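Visitor: In short: position in the sequence shown from 1, add 162, done, that's my numbering.
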Amino acid sequence: MKKNQKEILKKQTVKHYGVSEKFNREWQSFFNKATSVLFVSDLQVGAMTSACSSKPLIRDKDTYYTPSVKSKAVNKVLHDGTKRLLKKKTDVLVIVGEGIDGANPQQQGNQSWTTNQLDQVNDCVKLLHELFEWKVCYVSRGSKYHVQNGAVDYDDILAEKLGANKNSPFGGTNLTDDYGYLNVHGVVIQYAHHISYAKNPWSKGSPLAKEALLCELNESTRAHLYVRGHVHSCDGYWGYIGDNDYPTQIFTNPCAKYPDSFLMKAGMGGTIPNIGFTEVLVFPNGQYYINPIVAQPKIPKQIADVHRALRGK
Ligand SMILES: [Fe+2]
Ligand SMILES: [Fe+2]
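1) Out of curiosity, what's the CA-to-CA distance linking E322 and Q206?
2) Using a threshold of 7 Å, is the CB atom of H356 nearer than that to any non-hydrogen atom of ligand 1?
3) When burial is assigned at 16 or more other CB atoms within 10 Å of the CB, is E381 buried or exposed?
4) Could I get the ranges of all uninterrupted beta strand (DSSP E) runs contained in the segment 179 to 238, with 3 residues as the minimum, in chain order?
5) V199 to Y388, Cα distance in whole Å?
6) For ligand 1, is there a heavy atom less than 7 Å away from the beta-carbon of N204?
7) Between L255 and W296, what straight-line distance do the alpha-carbon atoms span, to the nearest angstrom?
8) Roughly how many whole angstroms lie between the Cα atoms of V349 and C377?
9) Should H291 be labelled buried (16 or more other beta-carbon atoms within 10 Å of its own) or exposed?
10) What does DSSP give as the partner residues of L255 in its beta bridges?
11) Checking 8 Å against the spacing of the C-beta atoms, do H394 and K419 come in under that value?
12) According to DSSP, D315 sits in a beta bridge with which residue or residues?
13) Does the beta-carbon distance from V258 to Y316 come in below 8 Å?
14) Out of curiosity, what's the CA-to-CA distance linking C417 and R473?
15) Out of curiosity, what's the CA-to-CA distance linking H241 and F185?
16) Using 8 Å as the threshold, is the segment 394 to 408 in touch with the segment 355 to 371, meaning 3 or more CB pairs across them?
17) Quickly, what does DSSP pair V287 with across the bridge? List them, please.
18) Could you give the distance in angstroms between the alpha-carbon of T433 and the alpha-carbon of A313?
19) Per DSSP, which residues does S365 bridge with? Please list them.
20) Is E373 near ligand 2, going by C-beta to nearest heavy atom under 7 Å?
21) Going by DSSP in three states, C417 sits in which element: helix, strand or coil?
22) Count the other C-beta atoms from every protein chain shown that fall within 10 angstroms of the C-beta of E441, then say buried if there are 16 or more, exposed otherwise.
23) Can we count G304 as close to ligand 2, meaning its CB is less than 7 Å from some heavy atom?
24) Is any heavy atom in ligand 1 found nearer than 7 Å to the beta carbon of C417?
25) Taking 7 Å as the cut-off, is the beta-carbon of H308 closer than that to any non-hydrogen atom of ligand 2?
26) Using three-state DSSP, classify F439 as helix, strand or coil.
27) Are there 16 or more other CB atoms within 10 angstroms of the CB of N415, so buried, or fewer, so exposed?
28) Three-state secondary structure (DSSP) at G243?
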């Protein structure tokens, strides 16, 4: 590793918003009464700007990837974030799509440490086991650009390797689907990868409200709580929609990928994502609490000193 990279990582700090660890310990027995559902999405393993395991293997090259500064920074946010879980051993892990980044054909793989989707899936499984403990798992499928090659869906392969439970709203033998439903103490949760996105900070609630309302209009898409991935941004909306006598809630999940060149094609501004995951605690009386665990990697940026360069240093 270069000397300046070592210095960058030493300076890096992660600050997670949320309750203190002391509070968490004092309230542990209360939190343990709830069923915890942990939503993780957009890990995008394989990109050099994404999270990876502690020792990612490139099988065909018989070698290991040395994580980049950005990979290490994202990993630090995720590992530190696990300390913010209110229930230490998660009951239900839900992957809301894009465990892997895929071969990234738009960039011909030039920011991927491997373009082999199987290497990526294997490393994603390793990373998840390094981060979390869980009892049961479900997976929904992400964007085809990232996870599909031919007819093979690698989120489906990921589900198989994680030993996920089958969940398809209208399927029989399907292991995964584009979306799924869970019933947790009477709270019906619908999880799916895709949703539209508004970049304006003051407009971010609109696509969420629209999605929740449209889902509420038809019995086959109705739920109490909607969870989405895809947008790499942690936002939420709730309201009494239509003539419902219960509050409908919807949120989008953070991700584990720092922007790559392709993400900057429409400009640099607004490309820094929210990194993390979301824990939902559902209590036996049907009340629930959403605990987004999000932080920004703090990587000090390097600014070239022109005058030093002019002096030949
Ligand atoms: Fe994504
Ligand atoms: Fe996506």
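Even for Gly, the Cβ is constructed at its ideal location relative to N, Cα and C. Since this is a predicted model, take the numbers as computed values, not measurements.
Guide: On the basis of the supplied data:
1) Walking along the sequence shown from the start, residue 322 turns up at place 160. Walking along the sequence shown from the start, residue 206 turns up at place 44. If I take the Cα positions, the gap works out to 18 Å.
2) In the sequence shown, counting from the first residue as 1, residue 356 sits at position 194. Because no heavy atom of ligand 1 lies under 7 Å away, the Cβ of H356 does not count as near it: no.
3) On the sequence shown, residue 381 is found 219 positions in, with the first residue counted as 1. E381 is exposed by the Cβ-count criterion.
4) 197 to 202
5) Translated into the one-based positions of the sequence shown, residue 199 becomes position 37. Translated into the one-based positions of the sequence shown, residue 388 becomes position 226. Roughly 13 Å separates the two Cα atoms.
6) Translated into the one-based positions of the sequence shown, residue 204 becomes position 42. Checking the sequence shown, residue 204 turns out to be Asp, not Asn. Indeed, a heavy atom of ligand 1 lies less than 7 Å from the Cβ.
7) Working through the sequence shown from its first residue, we reach residue 255 at position 93. Working through the sequence shown from its first residue, we reach residue 296 at position 134. Here the alpha carbons of W296 and L255 stand approximately 6 Å from one another.
8) Taking the first residue of the sequence shown as 1, we reach residue 349 at position 187. Taking the first residue of the sequence shown as 1, we reach residue 377 at position 215. Approximately 16 Å between the Cα atoms of the pair.
9) Translated into positions along the sequence shown, residue 291 becomes position 129. Flag for H291 reads exposed.
10) As a first step, residue 255 must be located in the sequence shown, where it is residue number 93. DSSP lists L200, C299 as partners of L255.
11) Residue 394 sits at position 232 when you count from the first residue of the sequence shown. Residue 419 sits at position 257 when you count from the first residue of the sequence shown. Yes. Within cutoff.
12) In the sequence shown, residue 315 corresponds to position 153, counting from 1. DSSP, once it has assigned bridges, lists Q310 as partnering D315.
13) Along the sequence shown, read from residue 1 onward, the residue named residue 258 stands at position 96. Along the sequence shown, read from residue 1 onward, the residue named residue 316 stands at position 154. No, Cβ-Cβ distance for V258 and Y316 is not below 8 Å.
14) Within the sequence shown, the letter at position 255 stands for residue 417. Within the sequence shown, the letter at position 311 stands for residue 473. Approximately 43 Å, taken between the alpha carbons.
15) Against the sequence shown, residue 241 aligns to sequence position 79. Against the sequence shown, residue 185 aligns to sequence position 23. Rounded to the nearest angstrom, the two C-alpha atoms are 19 Å apart.
16) yes
17) Along the sequence shown, one-based indexing puts residue 287 at 125. In DSSP, V287 forms no bridge with anything.
18) Within the sequence shown, numbered from 1, the residue matching residue 433 stands at position 271. Within the sequence shown, numbered from 1, the residue matching residue 313 stands at position 151. In a straight line, the C-alpha of T433 is about 31 Å away from that of A313.
19) Position 203 of the sequence shown, counted from the start, is the residue given in the question as residue 365. Note: S365 is not bridge-paired with any residue in the DSSP secondary-structure output.
20) Locating residue 373 in the sequence shown gives position 211, where the first residue counts as 1. No - ligand 2 has no heavy atom lying nearer than 7 Å to the Cβ of E373.
21) Counting from one through the sequence shown, the residue named residue 417 turns up at place 255. If DSSP states are grouped into helix, strand and coil, C417 belongs with the strands.
22) Position 279 of the sequence shown, counted from the first residue, corresponds to residue 441. When all chains shown are included, E441 counts as buried.
23) Stepping through the sequence shown from its first residue, residue 304 is reached at position 142. Because some heavy atom of ligand 2 lies under 7 Å away, the Cβ of G304 counts as near it: yes.
24) Counted from its first residue, the sequence shown places residue 417 at position 255. Yes, ligand 1 has a heavy atom inside 7 Å of this Cβ.
25) As a working mapping, residue 308 is identified with position 146 in the sequence shown. The answer is yes for H308.
26) The residue you call residue 439 lines up with position 277 of the sequence shown. Three-state result, F439: strand.
27) Taking the first residue of the sequence shown as position 1, residue 415 is located at position 253. Looking at its Cβ environment, which holds 16 or more other Cβ atoms inside 10 Å, N415 is buried.
28) Position 81 of the sequence shown, counting from 1, holds the residue named residue 243. Residue state for G243 is assigned as helix, using DSSP reduced to three classes.
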